[in-house]
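Have a look at the structure below, then the notes.
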Amino acid sequence: MKKLGIGCLAILGAVFGLVLIIGVGAALSGGGDDAAATDQTDTTVDESADKPAAADTKKADTEKADTEKADTEKADTEKADTEKADTEKADTEKAKSEKAAPAKKVDDTAGIGDAVRDGDFTFTVTKVTKGPARIGNEYLNTKPQGKFVYVYLTVENHGKEAGTFLGDDQYLFDTQGRKASADSEAAVYLDDSQSLLEEINPGNKLSGIVVFDIPTDATPASLELHDSMFSGGVKVAVK
Numbered sequence: 004m005k006k007l008g009i010g011c012l013a014i015l016g017a018v019f020g021l022v023l024i025i026g027v028g029a030a031l032s033g034g035g036d037d038a039a040a041t042d043q044t045d046t047t048v049d050e051s052a053d054k055p056a057a058a059d060t061k062k063a064d065t066e067k068a069d070t071e072k073a074d075t076e077k078a079d080t081e082k083a084d085t086e087k088a089d090t091e092k093a094d095t096e097k098a099k100s101e102k103a104a105p106a107k108k109v110d111d112t113a114g115i116g117d118a119v120r121d122g123d124f125t126f127t128v129t130k131v132t133k134g135p136a137r138i139g140n141e142y143l144n145t146k147p148q149g150k151f152v153y154v155y156l157t158v159e160n161h162g163k164e165a166g167t168f169l170g171d172d173q174y175l176f177d178t179q180g181r182k183a184s185a186d187s188e189a190a191v192y193l194d195d196s197q198s199l200l201e202e203i204n205p206g207n208k209l210s211g212i213v214v215f216d217i218p219t220d221a222t223p224a225s226l227e228l229h230d231s232m233f234s235g236g237v238k239v240a241v242k
């Protein structure tokens, strides 16, 4: 009976040991799976963390490119505006210079014998004299209100088309600054006046006399000559 009890204890001990071994093995096996799962989770987290960082970098690069593009376009626009402004300024200054150029002629530096130009016409005053007490013949004549002045000149057309020279477009200033118009009625009585309404073809020249009727106390100082009633005119000193 004593031997039987010892045998039972031995069997129970063997069973207990087997169970213990199995439990330890299972525990070890579960721990490995947990570690693998943990490693996999860590890897997934790392990859997820990398994705936002890459997106942020791409966004930053895009914004930088957009900024650089905007800056370039702005610089190009400003450059174009500056060049346009410079061109317009240069054109304006050129136009002013060209417009002001005739003003050099419109002073009293030109005198008798000098060729001066207004529009398509070039004028040369050859002499200025006192006219007669009356113009015309015994039967057809006219007298001045004051005194007649004859202005002898040549007119040449430098344009591309025919132009009309008209005595009424010419003016005489006396030493008191008074402005006198040409006396076209008196010019009718002059055979060689050629100042009433004369057409001059391109390249042609005419010589004529413009008649003025000015006060007896007046002294001619300068002439203002025009190629038309709308032109700026050019002055010639005659005193």
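To convert, note that position 233 of the sequence shown is 236 in the working numbering; the numbers rise steadily by one, no gaps. Heads up, the beta-carbon is just placed ideally off N, CA and C, and yes, glycines get one too. All values reported here derive from a predicted model rather than from experimental measurement.
1) Around the Cβ of PRO135, are there at least 16 other Cβ atoms within 10 angstroms (buried) or fewer (exposed)?
2) What's the C-alpha gap between VAL213 and GLU86?
3) Comparing alpha-carbon positions, which option in SER184, ASP117, THR167 lies nearest ILE217?
4) Counting along the chain, where does the alpha helix (DSSP H) carrying ALA240 start and finish?
5) Looking only at its own chain, which residues have a Cβ that is under 7 Å from the Cβ of GLY206, when we skip the five neighbours before and after it?
6) What three-state label does DSSP hand LYS108 in the structure shown?
7) If you draw a straight line from the C-alpha of GLY116 to the C-alpha of LYS146, how long is it?
8) Between which two residues does the beta strand (DSSP E) holding ALA224 run?
9) Should ALA113 and VAL191 be called a contact, given that it needs their Cβ atoms to be closer than 7 Å?
10) To the nearest angstrom, report how far apart ASP111 and ASN144 are at their CA atoms.
11) Could you check what DSSP says for GLY35 in three-state terms: helix, strand or coil?
12) Within the continuous alpha helix (DSSP H) that includes ALA118, where are the two ends?
13) Exposed or buried, SER196, counting other C-beta atoms within 10 Å across all chains shown (16 or more means buried)?
The structure says:
1) Residue environment analysis places PRO135 among the exposed positions, since fewer than 16 neighbouring C-beta atoms fall within 10 angstroms of its C-beta.
2) Distance between VAL213 and GLU86, taken at the CA atoms: about 52 Å.
3) The shortest C-alpha to C-alpha distance from ILE217 to any of SER184, ASP117, THR167 is the one to SER184.
4) It is not in any alpha helix (DSSP H) - ALA240 instead sits in the beta strand (DSSP E) that spans 237–240.
5) Cβ within range, chain order: ASN160.
6) For LYS108, the predicted model reports a pLDDT of 44, less than 50, meaning its position is unreliable; a value from the coordinates is still stated below. LYS108: coil per DSSP, three-state reduction.
7) Near 29 Å, if we compare the C-alpha coordinates of LYS146 and GLY116.
8) Start and end: 223–228.
9) Not closer than 7 Å, so no.
10) Residue confidence is low: ASP111 scores 47 on pLDDT, short of 50, so the model does not pin down where it sits. No coordinate-derived value is stated.
11) Annotation note: pLDDT 49 at GLY35 (below 50); position unreliable, coordinate value reported separately. GLY35 carries a helical assignment under DSSP once its states are collapsed to helix, strand and coil.
12) Per DSSP, ALA118 lies in no alpha helix (DSSP H) segment; the continuous beta strand (DSSP E) that holds it begins and ends at 118–121.
13) In this structure SER196 is buried. Its beta-carbon is surrounded by 16 or more other beta-carbon atoms within 10 angstroms.
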